[in-house]
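Down below is the structure, laid out as structure tokens.
Residue numbers (our numbering): 2 to 421.
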């Protein structure tokens with residue numbers, strides 16, 4: 002075979018050899034074991050089925066159903082000033098920036114550098130007089146380097162998509178943080194309303210006890226009552242005052258809690274007036290609850306994106322077992338003598354271009370350990386997703402059971418009042 006042909010086949014032979022050698026590091030025995038739980042296969046209970054009325058999902062401003070303008074303003078204030086939301090929003094920006102960095106690795110990389118150096122050679126610069134003794138020269142260069150990853154095995158592409166999936170995780174976690182903040186504010190606000198209602202009852206009870214005491218004292222003065230009746234009527238007054246004081250304390254603490262949730266000081270909570278909640282419509286849910294839950298609850302969405310990110314991580318780890326091939330090239334002007342611009346002449350131009358191959362041969366088990374870590378991370382993410390999905394349905398069912406029980410208790414209480 003002619004030497005020219007043999008020399009032409011040498012690069013292909015080297016490439017084939019690298020593939021054979023890289024195959025010595027195998028991935029056998031390393032794979033994920035977990036499987037995703039299908040949301041539409043989860044059996045719902047009677048509480049969820051009875052509440053399904055083909056209703057729409059609540060809007061992003063679901064708390065407006067309570068019809069309280071003060072509550073609306075407070076949630077808006079909390080959204081703007083909450084430190085927890087600021088942290089979650091910063092994480093979203095950070096994740097998006099990381100996704101941008103990963104995506105940039107798929108693009109052509111261009112770098113340039115230049116240096117201009119003036120040399121003043123002394124007479125004994127080289128241990129005695131030389132050709133450059135007592136002369137001045139320029140040592141200048143300018144270069145332009147290019148590199149592009151062929152990404153044959155999809156490592157950079159999967160790393161970029163993994164970073165994008167993690168950005169989706171951060172966005173869903175931000176929405177979850179917003180939802181939890183809104184829920185905590187509504188709960189605290191409802192508790193504030195309940196404390197006011199209980200205070201009304203306690204004050205009415207105190208007024209009633211005071212009337213009973215006044216009546217006992219008048220009966221004693223009229224000669225138809227006894228000191229025992231007066232003493233017995235006085236006994237309940239301290240307890241009534243204690244209940245009122247405790248409820249006033251609870252109202253103040255609820256205001257402090259609402260102020261803290263909004264990222265404000267206690268003084269801001271003093272401005273809160275008595276709530277005016279008005280929720281009259283019955284609670285309804287979409288009929289396709291389990292399936293639609295996948296795309297509606299931020300915690301479920303975040304867990305699902307985490308699974309996708311871990312799956313991409315496995316692809317990235319697998320690509321590490323194969324050669325990484327880049328195309329690199331550079332253009333440079335260089336001159337170590339002459340004038341200032343001597344290095345820019347055509348005769349000083351040089352270039353180089355060709356492939357750069359990085360080959361894993363022996364790494365002490367590092368690549369297999371990385372793949373095992375990625376596979377275990379996927380199993381962990383799947384288990385977390387399955388648990389999140391199950392707990393989400395349980396939470397819905399629990400709330401519906403409580404709601405049905407409260408409705409029944411309200412009916413029984415109304416009957417008791419009517420028959421009294």
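We put the beta carbon where it would ideally sit given N, CA and C, even for glycine.
- Three or more Cβ pairs closer than 8 angstroms define a contact, and the segment 303–317 meets that threshold against the segment 378–386.
- Inter-residue distance for residue 62 and residue 88 is about 22 angstroms (C-alpha atoms, whole angstroms).
- In the three-state reduction of the DSSP assignment, residue 358 falls in the strand class, which pools E and B.
- Assignment of residue 373 by DSSP, reduced to helix, strand and coil, places it in the helix class.
- Below 8 angstroms, enough C-beta pairs join the segment 87–103 and the segment 155–169 to call them touching: three or more.
- Bounds of the alpha helix (DSSP H) holding residue 197 are 156–222.
- The three-state reading of DSSP puts residue 108 in coil, since its state is none of H, G, I, E or B.
- Under DSSP, residue 114 forms a beta bridge with 144.
- Taking all protein chains shown into account, residue 271 has fewer than 16 neighbouring C-beta atoms within 10 Å of its C-beta and is therefore exposed.
- Within the DSSP secondary-structure output, residue 119 pairs in a beta bridge with 139.
- Per DSSP, residue 252 is one residue of the alpha helix (DSSP H) stretching across 228–262.
- Rounded to whole angstroms, residue 313 and residue 105 show a C-alpha spacing of 17 angstroms.
- The DSSP-derived three-state label of residue 97 is helix.
- Beyond the five residues adjoining it in sequence on each side, residue 330 comes within less than 6 angstroms, by CB distance, of 147, 354 in the same chain, given in chain order.
- Secondary structure of residue 332 (DSSP, three-state): strand.
- Taking 8 angstroms as the upper bound for CB-CB distance, residue 155 and residue 320 are in contact here, some 6 angstroms apart.
- Per the coordinates, the alpha-carbon of residue 350 lies some 6 angstroms from the alpha-carbon of residue 333.
- In the displayed model, residue 266 falls within coil according to three-state DSSP, outside both helix and strand.
- Here residue 67 carries a helix assignment [DSSP, helix/strand/coil].
- The Cβ-Cβ distance between residue 85 and residue 180 does not fall below 9 angstroms.
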